[in-house]
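Here the structure is laid out as structure tokens; the discussion comes afterwards.
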Amino acid sequence: MIKNGQLYYVKESSERLVISKDKKNSIITLCHVESGCHLGRNKTVSKISERYYWIGIVKDVTQFLKKCQECQHENKKTTKTCHEMIPVPVPYKRIWCKLGIDLIGPFLQSDKRPLSSAGYKYVLTIVDYTSKWPEAYPLYSKKAEEIASKIEDTFYRFGVCSEIVSDCGGEFNNKILNELLKKKWY
Numbered sequence: 001m002i003k004n005g006q007l008y009y010v011k012e013s014s015e016r017l018v019i020s021k022d023k024k025n026s027i028i029t030l031c032h033v034e035s036g037c038h039l040g041r042n043k044t045v046s047k048i049s050e051r052y053y054w055i056g057i058v059k060d061v062t063q064f065l066k067k068c069q070e071c072q073h074e075n076k077k078t079t080k081t082c083h084e085m086i087p088v089p090v091p092y093k094r095i096w097c098k099l100g101i102d103l104i105g106p107f108l109q110s111d112k113r114p115l116s117s118a119g120y121k122y123v124l125t126i127v128d129y130t131s132k133w134p135e136a137y138p139l140y141s142k143k144a145e146e147i148a149s150k151i152e153d154t155f156y157r158f159g160v161c162s163e164i165v166s167d168c169g170g171e172f173n174n175k176i177l178n179e180l181l182k183k184k185w186y
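Per the UniProt record's numbering, the sequence shown starts with residue 1, numbered consecutively.
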């Protein structure tokens, strides 16, 4: 089926975009590497097959994984267990409508002291899905109050968003943070 000038593979009720040869590696990279971790063959194929189609996906993914430096270095098919990531179908029309948040760290010296001279151990990242504008906030801890405070700072600067997407880590998926945000913003 052709839709908006694009060729789609239709099977039952699912439509998958048919990918040309020159786009295969970028799609595999997107689904394998840029998902936040290096997925194994089956999970990478599954991710690709949710939205895209071409003949020989399994063969192409297998060849790609054999050349993936990090996977070969770790000698594993998957370097870590990941939470399910949900693909974003189409960017929102206005900025700061949908945000992605994540926590990076801890950043510690070998003796478990913070790397930062100010005592910060973590970095909260907030990225707008439409404009890709990043914000980064240093944090002393992963406490919900501290995270909520930084999210509020972002809302004061850019406005309240409609949706926040996270990897459902404990620091984001907890009662305290949800209550703080609901009370004040939602």
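Heads up, the beta-carbon is just placed ideally off N, CA and C, and yes, glycines get one too.
Residue 78 - DSSP class collapsed to helix/strand/coil: Counted from its first residue, the sequence shown places residue 78 at position 78. In this prediction, residue 78 scores a pLDDT of 42, lower than 50, which makes its location untrustworthy; the coordinate-derived value is nonetheless stated afterwards. It is coil, neither helix nor strand.
Where the alpha helix (DSSP H) through residue 152 begins and ends: Here residue 152 refers to the residue found at position 152 when the sequence shown is read from its first residue. First-last of the alpha helix (DSSP H) with residue 152: 144-158.
Contact the segment 117-136 vs the segment 93-108: 3+ CB pairs below 8 Å: yes
Three-state class that DSSP yields for residue 163 in the structure shown: Along the sequence shown, read from residue 1 onward, the residue named residue 163 stands at position 163. The answer is strand: DSSP assigns residue 163 an E or B state.
Residue 120 beta carbon near the ligand FMN (any heavy atom closer than 7 Å): Absent from the structure shown: the ligand FMN. Ligands present: none.
The segment 22-31 contacting the segment 49-60, beta-carbon criterion three pairs below 8 Å: yes
Cα-Cα separation, residue 158 to residue 134: The residue given as residue 158 occupies position 158 in the sequence shown. The residue given as residue 134 occupies position 134 in the sequence shown. One C-alpha to the other measures close to 12 Å.
At least 3 beta-carbon pairs within less than 8 Å: the segment 145-158 vs the segment 174-182: yes
Cβ-Cβ separation, residue 68 to residue 161 (assumed contact under 8 Å), whole Å: What you label residue 161 is simply residue 161 of the sequence shown in a count that begins at 1. What you label residue 68 is simply residue 68 of the sequence shown in a count that begins at 1. With a Cβ gap of about 34 Å, residue 161 and residue 68 do not count as contacting.
Neighbour-count burial assignment, residue 62, 16 or more Cβ in a 10 Å radius: Working through the sequence shown from its first residue, we reach residue 62 at position 62. Exposed: under 16 other Cβ atoms inside 10 Å.
Start and end residues, alpha helix (DSSP H) containing residue 65: Here residue 65 refers to the residue found at position 65 of the sequence shown. Its alpha helix (DSSP H) spans residues 57-67.
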